[in-house]
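**Student:** First the structure, which I've put down as structure tokens, then a few questions once you've had a look.
Numbering (the numbering used here), first residue to last: 788 to 1050.
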């Protein structure tokens, strides 16, 4: 398992052991949306702001690789679906662990929607890929979302606790899931999951709302954040990440972080 330990260090801050991951995988699900037209420029900006890793499909490695700038970890996503598909909640495997290794990835990720009609197939994929990751020493991030006909509220703590725990039980090294709304309920998620949990950024919101989620997540025991659109579609991604980093890693208040953004 030494390979996993070494690679995980590349996607986290070594001093605080916290992670700021910026997912850039939206090109498959939504196409060339604002913020993802120039992949190299976006990676440069988030690396400058202090992100510890970017996450995306093979195209991120092929077209977003830079030969200068700040270093940043690479997580290659193995799951995909598009917004035009008959069931966007049905994530299928489009890459492999061994290929991700060949591409220079520091970790891989798999998306599972707990409660979806295709949950069984996605769980089967997660279990299989988890075993492959153990064999190759590759860290596995499981994106676990409560989504399906039985799910009335995706942030319900009981649903989120189950989703996170499933990933840990099937061998994931890290879990990404939704914030439950407050630190106390989110601590139920982190305490019920035996591997580190990072919080998804979700839909577009204003700076204060996003920084409050960062603060609440940190107080609830999160190991980091994984924010996409609220970073790469921000008017100044580097500045926003600097502010988020101050809250997550320096324990600064939301008000102090907003002051950083205004400079």
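C-beta atoms are modelled at their ideal positions from N, C-alpha and C, and glycine is treated no differently.
1) Rounding to the nearest angstrom, what Cα-Cα distance links residue 978 and residue 814 in this structure?
2) By DSSP's criteria, residue 964 is part of a beta bridge. Which residues make up the other side?
3) With a threshold of 8 angstroms, are at least 3 pairs of Cβ atoms found where one atom belongs to the segment 942-951 and the other to the segment 905-918?
4) Using CA coordinates, which residue listed in 889, 876, 898, 1024 is at the minimum distance from residue 917?
5) Taking the beta carbon of residue 866 as the centre, do at least 16 other beta carbons fall within 10 Å, making it buried, or is it exposed?
6) Looking at the structure shown, is residue 1011 part of a helix, part of a strand, or coil, going by DSSP?
7) If you check the beta carbons only, do residue 929 and residue 892 fall under 8 angstroms apart?
8) For residue 932, which beta-bridge partners are listed by DSSP?
9) Measuring only the C-alpha atoms, how far is residue 1017 from residue 982?
10) Tell me the start and end of each unbroken beta strand (DSSP E) in the segment 818-875 that is at least 3 residues and wholly inside, in chain order.
11) Are there 16 or more other CB atoms within 10 angstroms of the CB of residue 1000, so buried, or fewer, so exposed?
12) Just to confirm, is the Cβ distance from residue 902 to residue 937 under 8 angstroms?
13) Less than 8 angstroms separating the beta-carbons of residue 934 and residue 993?
14) What residue from 960, 880, 1002, 863 has the CA that sits closest to residue 869's CA?
15) When the Cα of residue 835 is compared with those of 826, 847, 857, which residue comes out closest?
16) Suppose you measure from the CA of residue 837 to the CA of residue 905; what does that come to, to the nearest Å?
17) Which residues in the same chain as residue 984 place their Cβ atom closer than 7 angstroms to its Cβ, once the five residues preceding and following it in sequence are excluded?
18) Beta-carbon separation of residue 790 and residue 1005 under 8 angstroms?
19) Quick check: the segment 1019-1035 against the segment 842-856, are there 3 or more CB pairs under 8 angstroms?
20) Leaving out five residues on either side along the sequence, give the residues of the same chain with a beta carbon under 8 angstroms from the beta carbon of residue 927.
21) Just checking my contact of residue 798 with residue 1028 at CB under 8 angstroms: how many whole Å lie between their CB atoms?
22) Under DSSP, the beta strand (DSSP E) around residue 806 begins and ends at which residues?
23) Hey, could you find the ends of the alpha helix (DSSP H) residue 792 is sitting in?
24) Am I right that residue 1012 and residue 1031 are in contact with their C-beta atoms under 8 angstroms? What's the rounded C-beta distance?
25) With residue 1007 and residue 974 assumed to form a contact (beta carbons below 8 angstroms), what rounded beta-carbon distance in angstroms separates them?
26) Considering only their Cβ atoms, is the gap separating residue 862 from residue 840 smaller than 8 angstroms?
**Tutor:** Walking through what the data contain:
1) When rounded, the separation of the alpha-carbon atoms in residue 978 and residue 814 is 34 angstroms.
2) Answer is 986.
3) A contact between stretches requires three or more CB pairs, one per stretch, nearer than 8 angstroms, and the segment 942-951 fails this requirement with the segment 905-918.
4) Cα-wise, what sits closest to residue 917 is 898.
5) Looking at its Cβ environment, which holds 16 or more other Cβ atoms inside 10 Å, residue 866 is buried.
6) Three-state result, residue 1011: strand.
7) In terms of Cβ geometry, residue 929 and residue 892 do not form a close pair [threshold 8 angstroms].
8) Bridge partners of residue 932: 900.
9) Taking the Cα positions, residue 1017 is about 25 angstroms away from residue 982.
10) As far as the segment 818-875 is concerned, its whole beta strand (DSSP E) runs of at least 3 residues are 840-843, 860-864.
11) Result: buried.
12) In this structure, residue 937 lies closer than 8 angstroms to residue 902 by Cβ.
13) No, these two residues do not count as a Cβ contact at 8 angstroms.
14) Minimum Cα distance to residue 869 is reached at 880.
15) Looking at the Cα atoms, 857 is the closest of the given residues.
16) Each residue's Cα considered, the two are about 36 angstroms apart.
17) Leaving aside the five residues that flank residue 984 on each side, the residues in its chain whose CB is nearer than 7 angstroms to its CB run, in chain order, 951, 962, 964, 976, 977, 1009, 1010.
18) For the pair residue 790 and residue 1005, the CB atoms are not nearer than the 8 angstroms cut-off.
19) No, the segment 1019-1035 does not touch the segment 842-856.
20) So the list reads 894, 895, 896, 897, 916, 917, 920, 958, 959, 960, 961, once near-sequence residues are dropped.
21) Actually they are not in contact, since the Cβ atoms of residue 798 and residue 1028 sit about 15 angstroms apart, beyond 8 angstroms.
22) Residue 806 -> beta strand (DSSP E) spans 806-810.
23) Residue 792 -> alpha helix (DSSP H) spans 789-796.
24) With 8 angstroms as the limit, residue 1012 and residue 1031 qualify as a contact, their Cβ atoms being about 7 angstroms apart.
25) Indeed, because the Cβ distance is near 5 angstroms, the residues count as touching under 8 angstroms.
26) Yes, the Cβ-Cβ distance between residue 840 and residue 862 is below 8 angstroms.
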